[in-house]
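In structure tokens, the structure reads:
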């Protein structure tokens with residue numbers, strides 16, 4: 004039990020701090036802080052991407068990008084501990100990693116494990132620089148939590164495959180240059196066996212991206228329609244029909260993706276609670292509110308210290324426990340509660356969206372984000388199943404999808 | 016940065032677990048039926064094997080295992096659900112008195128704590144029914160008058176630490192709990208394994224360990240350490256309740272399946288696990304803060320107590336729920352966790368006490384951003 008940095012870590016931290024102090028886009032700090040829950044904080048995506056990309060290139064140029072990647076691919080060959088130290092120091096600017104998170108945290112480790120040497124050398128450095136963004140085409144209208152149920156079909160043609168089907172909830176598909184898709188190459192076998200992982204250029208004329216209008220009124224996710232997109236054989240990752248194993252690698256790549264945790268919104272609600280109104284009263288004078296704040300702060304701490312427990316496990320040569328899944332499960336609904344409380348404290352003036360009023364803006368976005376966050380990257384329910392089955396060793400659900408994929412029921416059966 | 020117990024500490028845990036699980040430990044029901052204030056046989060074993068002085072220096076008859084190891088021992092006490100006032104005496108009282116610097120009182124009492132002949136506890140302000148008064152008699156002997164509420168583990172305790180008064184008139188005192196004891200019928204107590212008692216003091220001779228600002232400072236650190244040990248006891252209890260629920264759900268069949276295969280129960284147990292993991296992270300951070308600055312420990316303890324209270328309560332309740340009818344019978348150990356989760360939530364210090372303590376600290380520390 005020791006909270007202090009080692010000499011090396013302290014030295015790393017102070018170098019990181021100096022770099023961030025000198026190079027981070029401090030002139031954009033307040034706008035990022037205002038918009039951290041918005042997901043799409045600028046009027047135009049392009050402005051946001053440009054800001055994010057500039058910070059990414061600056062990190063790359065000074066040796067601070069993709070810290071846990073091997074050096075040959077544009078990383079720094081460091082451990083997750085240094086990655087978290089850097090993100091702690093990066094603070095609010097770590098929000099600028101958003102557009103690269105999928106490429107760097109999920110796609111890149113998959114390429115490292117399954118792509119050819121030449122492909123790795125070609126794609127990974129440009130992902131590290133932030134010059135090229137990839138998207139992950141996994142979910143489909145009928146395959147979300149039940150991911151292995153994807154129905155986008157790949158037909159074998161001379162020299163490759165042609166893809167037909169629809170993907171959905173694809174973050175960043177509208178600005179990604181490349182995409183990685185899980186598709187069905189054999190519907191005649193059980194569902195986990197007939198899948199393959201492939202990647203393709205997103206500007207293929209047979210590929211259409213359509214933004215999804217979300218409840219926030221903005222669009223972060225997309226639908227992607229594939230109508231004969233050609234994928235050459237060499238762009239299949241892993242063996243044909245072994246795509247499920249590749250997908251699991253992508254989804255389970257915790258070591259690469261451990262970073263500073265997603266903010267809960269405690270900072271925001273605490274500031275709001277302390278703010279005095281015209282009569283000199285502050286919401287924090289209410290005991291009922293203080294008790295809720297204390298609960299949320301305890302959750303905020305539990306999530307942050309959980310990250311440190313994961314790093315401890317890795318530093319000792321072990322595997323992290325369930326801390327990541329717990330953080331997401333607890334964090335998402337806590338954010339939803341904090342947002343509701345914030346909007347209630349703001350009262351009727353928060354019934355209308357406002358771009359000028361920072362408080363209203365922040366808590367409305369947090370309100371929208373809370374609902375989304377409980378679904379993305381593993382719903383609350385899927386996470387509970389994972390904890391129950393993988394950690395507690397409870398029996399799996401009774402399943403009706405164990406036969407050949409083409410026979411799996413997809414709608415109410417006629418009796 | 017390292018947020019876990021080390022190998023040596025884990026080896027100590029194994030050893031302690033063996034002692035607690037040995038044949039000398041009685042089951043909860045045996046203790047209740049013996050109508051004893053605690054499991055005297057196990058207490059004696061813990062004394063003879065040196066565990067009651069685990070946190071004390073060798074000068075005081077202890078084995079000097081350190082404060083962090085005490086955390087882990089408290090967790091095991093919670094996990095095993097034994098009827099001994101270990102956390103109050105060997106953790107809260109012992110470390111509090113050891114750090115007071117009051118050499119005479121230390122020399123007199125700590126060896127007795129280590130050999131089990133004295134059992135210590137700590138009385139928080141909320142444990143007093145009326146504010147206690149400290150006076151001095153003609154012979155220069157400090158005396159205390161006052162009445163306490165029911166004190167957790169009071170029936171077994173023989174000596175206590177408390178803070179009396181405030182500001183310049185505050186005193187950190189050691190008071191023997193020998194006279195004016197009022198203990199209820201054991202079967203009428205909420206936590207059957209930690210029976211309480213109330214005390215009435217009428218010019219009872221006491222020892223003043225510190226006064227004024229020094230007393231305040233010592234006291235705040237004392238209850239922060241004690242609170243953390245209690246949080247570890249809760250963490251252990253929560254894990255035991257989840258384990259009991261899990262095992263039952265795998266052996267009990269309904270509708271042709273183990274009930275643990277039903278998603279409603281799996282999700283309930285996943286939530287128990289999540290609450291435990293949150294509490295564990297916060298407890299570990301507290302253990303790592305034991306040597307840190309006063310404010311850091313204060314924050315860490317409050318946070319650990321808040322999440323450990325939540326975790327133990329949830330696990331104790333859901334353990335009964337998963338057991339169904341058998342869980343609410345007198346014979347089931349599920350009732351013992353349910354009762355203990357509640358008594359530990361109230362003492363030392365209620366959850367409202369720790370939440371307010373945390374918020375006062377955060378408000379005081381807050382620097383408004385411009």
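Chains as they are written, first to last, in our numbering: chain A, 4 to 418; chain B, 16 to 385.
Backbone N, C-alpha and C fix where the C-beta goes; we use that ideal spot for every residue, glycine too.
None of the values given here were measured: they were computed from a predicted structure.
When you compare the CB of residue i with every CB in chain A, is at least one pair closer than 8 angstroms?
{"i": "residue 130 of chain B", "result": "no"}
{"i": "residue 177 of chain B", "result": "no"}
{"i": "residue 385 of chain B", "result": "Bear in mind that a pLDDT of 47 at residue 385 of chain B, under 50, signals an unreliable position, so the model cannot answer this."}
{"i": "residue 387 of chain B", "result": "What the structure shows of chain B is the stretch from 16 to 385, and residue 387 of chain B is not part of that stretch, so it cannot be assessed."}
{"i": "residue 299 of chain B", "result": "yes"}
{"i": "residue 259 of chain B", "result": "no"}
{"i": "residue 248 of chain B", "result": "no"}
{"i": "residue 144 of chain B", "result": "no"}
{"i": "residue 80 of chain B", "result": "no"}
{"i": "residue 318 of chain B", "result": "yes"}
{"i": "residue 8 of chain B", "result": "A query on residue 8 of chain B cannot be resolved here, the shown segment of chain B reaching from 16 to 385 and no further."}
Kindly indicate the opening and closing residues of the beta strand (DSSP E) around residue i.
{"i": "residue 170 of chain A", "result": "163-171"}
{"i": "residue 213 of chain B", "result": "213-220"}
{"i": "residue 148 of chain B", "result": "148-151"}
{"i": "residue 138 of chain B", "result": "135-138"}
{"i": "residue 248 of chain A", "result": "Premise fails: residue 248 of chain A lies in the alpha helix (DSSP H), 246-254, not in any beta strand (DSSP E)."}
Hey, is residue i's beta-carbon within less than 8 angstroms of any beta-carbon in chain B?
{"i": "residue 312 of chain A", "result": "yes"}
{"i": "residue 344 of chain A", "result": "no"}
{"i": "residue 3 of chain A", "result": "Residue 3 of chain A is absent from the model: chain A starts at 4 and stops at 418."}
{"i": "residue 423 of chain A", "result": "In the structure as shown, chain A begins at 4 and stops at 418. Residue 423 of chain A is therefore absent and cannot be evaluated."}
{"i": "residue 300 of chain A", "result": "yes"}
In terms of residues, what are the limits of the alpha helix (DSSP H) holding residue i?
{"i": "residue 26 of chain A", "result": "10-26"}
{"i": "residue 230 of chain A", "result": "From DSSP, residue 230 of chain A is part of no alpha helix (DSSP H) but of the beta strand (DSSP E) over 225-235."}
{"i": "residue 369 of chain A", "result": "361-376"}
{"i": "residue 382 of chain B", "result": "Unbroken run through residue 382 of chain B: none, as it is neither H nor E."}
{"i": "residue 198 of chain A", "result": "Element bounds for residue 198 of chain A: not the alpha helix (DSSP H) but the beta strand (DSSP E), 198-204."}
{"i": "residue 117 of chain B", "result": "Run containing residue 117 of chain B: none; DSSP gives neither H nor E here."}
{"i": "residue 34 of chain A", "result": "32-37"}
{"i": "residue 2 of chain A", "result": "Since the first residue shown for chain A is 4 and the last is 418, residue 2 of chain A is missing from the structure and cannot be characterised."}
{"i": "residue 287 of chain B", "result": "278-303"}
{"i": "residue 286 of chain A", "result": "Taken as a continuous stretch (DSSP letters only), residue 286 of chain A belongs to no alpha helix (DSSP H), as it is neither H nor E."}
{"i": "residue 112 of chain A", "result": "111-117"}
{"i": "residue 129 of chain A", "result": "120-132"}
{"i": "residue 269 of chain A", "result": "269-277"}
Going by DSSP in three states, residue i sits in which element: helix, strand or coil?
{"i": "residue 126 of chain B", "result": "helix"}
{"i": "residue 74 of chain A", "result": "helix"}
{"i": "residue 270 of chain B", "result": "coil"}
{"i": "residue 181 of chain B", "result": "coil"}
{"i": "residue 138 of chain A", "result": "strand"}
{"i": "residue 331 of chain A", "result": "helix"}
{"i": "residue 181 of chain A", "result": "strand"}
{"i": "residue 186 of chain B", "result": "strand"}
{"i": "residue 74 of chain B", "result": "helix"}
{"i": "residue 211 of chain A", "result": "strand"}
{"i": "residue 320 of chain A", "result": "coil"}
{"i": "residue 157 of chain A", "result": "strand"}
{"i": "residue 160 of chain B", "result": "strand"}
{"i": "residue 93 of chain A", "result": "helix"}
{"i": "residue 260 of chain B", "result": "helix"}
{"i": "residue 167 of chain B", "result": "coil"}
Nearest CA to the CA of residue i: which residue from the options?
{"i": "residue 93 of chain A", "options": "A:150, A:142 and A:15", "result": "A:15"}
{"i": "residue 134 of chain B", "options": "B:106, B:251, B:259 and B:268", "result": "B:106"}
{"i": "residue 160 of chain B", "options": "B:115, B:220 and B:55", "result": "B:220"}
{"i": "residue 113 of chain B", "options": "B:86, B:307, B:95 and B:74", "result": "B:74"}
{"i": "residue 7 of chain A", "options": "B:305, B:364 and B:341", "result": "B:305"}
{"i": "residue 170 of chain B", "options": "B:152, B:136 and B:154", "result": "B:136"}
{"i": "residue 110 of chain B", "options": "B:242, B:141 and B:92", "result": "B:242"}
{"i": "residue 140 of chain A", "options": "A:174, A:251, A:64 and A:404", "result": "A:174"}
Checklist line | Three-pair Cβ contact test at 8 angstroms for the stretch 320-336 of chain B versus the stretch 346-357 of chain B | finding: Because the criterion of three Cβ pairs below 8 angstroms is met, the stretch 320-336 of chain B and the stretch 346-357 of chain B touch.
Next item on the list: Tell me, please, whether the stretch 173-191 of chain B touches the stretch 231-238 of chain B by the rule of three or more beta-carbon pairs shorter than 8 angstroms.
Entry: yes
Next item on the list: Spell out a yes or no on whether the stretch 255-263 of chain B and the stretch 284-296 of chain B are touching, meaning 3 or more CB-CB pairs, one atom from each, closer than 8 angstroms.
Entry: yes
Margin query: Tell me whether the stretch 366-375 of chain B and the stretch 294-310 of chain A touch, counting them as touching only if at least three CB pairs, one residue from each stretch, are closer than 8 angstroms.
Written below: yes
Margin query: Quick test of the definition: if touching needs 3 or more C-beta pairs under 8 angstroms, does the stretch 96-106 of chain A touch the stretch 45-62 of chain A?
Written below: yes
Check: Using 8 angstroms as the threshold, is the stretch 313-323 of chain A in touch with the stretch 343-350 of chain A, meaning 3 or more CB pairs across them?
Finding: no
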